[in-house]
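>
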Amino acid sequence: MKAAYQVILCSSKTAAEMLQIQTMLNLQGLPLIAENGAVVQLDVHWENHPHYPRLIAGISHSEIRLVLHKLREKEQFKFTTFDDVDDQVISEWTGLNRAQSALTRLHEASVSLIWRDSDERMAQFVARLNELGLQFVPGARFWHVLDASAGKDQAANWLIEAYRQQWHTRPLTFGLGDGPNDAPLLDVMDYAVVVKGLNREGVHLRNNDPQRVYRSQNEGPDGWREGMDYFFSHS
């Protein structure tokens, strides 16, 4: 018997990090979306699915790493990837402990980096990535390079279809996010909560219909609860 709802985590974090978070939240066994949609962990009960246990979108971490190495060597772009440093440095960057930092380095289909060049050079870098079938996704503190075919929206749509096949009905979807890179995910949800955040760019959606979208007044966990309370009280 399936639960009334499924809580699916979606993040730029690695699957290894998110599996640990799932356990902390007692969500183990459920699907998750990692690395900005480049990795989808399937439900533990879907062992007969052809992509079980994990779907990887596009090219692998090692292939992207090689592309970045060649671009840096040939065109002298300035950036530092997580592969360039050890766990101690990542711990200093993120505030995580050494064990957590080790999980942060376990990318499967993307590369995280700190950009250390000009905005003009970034535009050139993005153009080169696009030519090579890759994309450059901003995060709260780091940038992420992944296959152009990947994305939180693509991963969410894939999971929605997988649930439809499992349940024989399309699930009603709620999405919550607080950053610009959450916009693609929120755009494919039936209902969306834009949690107030610190990012100056804000979250810009294609469909801002107030019947579908709620923007919280509070930040962080209070904003997430506010958004869910709003929709549950109006359902």
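Read left to right, the sequence shown gives residues 1 to 235 (full-length UniProt numbering). The C-beta atom is built at its ideal place from N, Cα and C for all residues, glycine as well. This one's a predicted model, so the numbers in the text were calculated from it and none came from an experiment.
Find the nearest neighbour of GLN88 within the set PHE79, THR81 and ARG98, judged by alpha-carbon distance.
The residue you call residue 88 lines up with position 88 of the sequence shown. Shortest Cα-Cα distance from GLN88 to any of PHE79, THR81 and ARG98 involves ARG98.
> Quick one: measure Cβ to Cβ for GLY227 and ASN181, integer angstroms, because I've assumed they're closer than 8 Å.
Taking the first residue of the sequence shown as 1, we reach residue 227 at position 227. Taking the first residue of the sequence shown as 1, we reach residue 181 at position 181. Actually they do not touch by this definition, with Cβ atoms about 18 Å apart.
> Decide if LYS13 is buried, meaning its Cβ has at least 16 other Cβ atoms within 10 Å, or exposed.
For this step, residue 13 is matched to residue 13 along the sequence shown. Per the 10 Å Cβ criterion, buried.
> In three-state terms, what does DSSP make of TRP143?
As a first step, residue 143 is located in the sequence shown; it is residue number 143 there, counting from the start. The answer is strand: DSSP assigns TRP143 an E or B state.
> With a 10 Å radius around its C-beta and 16 neighbouring C-beta atoms as the bar for buried, classify LYS2 as buried or exposed.
Your numbering for residue 2 matches position 2 in the sequence shown. Confidence at LYS2 is low in this model, with a pLDDT of 47, below 50, so the placement of that residue is unreliable and no value is reported for it.
> Leaving aside the five residues before and after SER149 along the sequence, list all residues of the same chain whose C-beta is less than 7 Å from its C-beta, in chain order.
Here residue 149 is taken as the residue at index 149 of the sequence shown, counted from 1. Cβ within range, chain order: ALA57 and GLY58.
> Could you round the C-beta distance between LEU134 and VAL194 to whole angstroms and report it? I think they count as a contact, below 8 Å.
Taking the sequence shown and counting its residues from 1, the one referred to as residue 134 is at position 134. Taking the sequence shown and counting its residues from 1, the one referred to as residue 194 is at position 194. With a Cβ gap of about 27 Å, LEU134 and VAL194 do not count as contacting.
> Roughly how many angstroms lie between the CA atoms of VAL44 and LEU25, to the nearest whole one?
For the purposes of this step, residue 44 is identified with residue 44 of the sequence shown, where counting begins at 1. For the purposes of this step, residue 25 is identified with residue 25 of the sequence shown, where counting begins at 1. Straight-line Cα distance between these residues: approximately 16 Å.
> Excluding sequence positions up to five away, which residues of its chain have a Cβ less than 8 Å from the Cβ of PRO221?
Here residue 221 refers to the residue found at position 221 of the sequence shown. Within its own chain, no residue has a Cβ closer than 8 Å to the Cβ of PRO221 once the five positions on either side in sequence are excluded.
> With DSSP run on the structure shown, which of helix, strand or coil describes residue 272?
Outside the shown range of the chain (1 to 235) lies residue 272, about which nothing can therefore be said.
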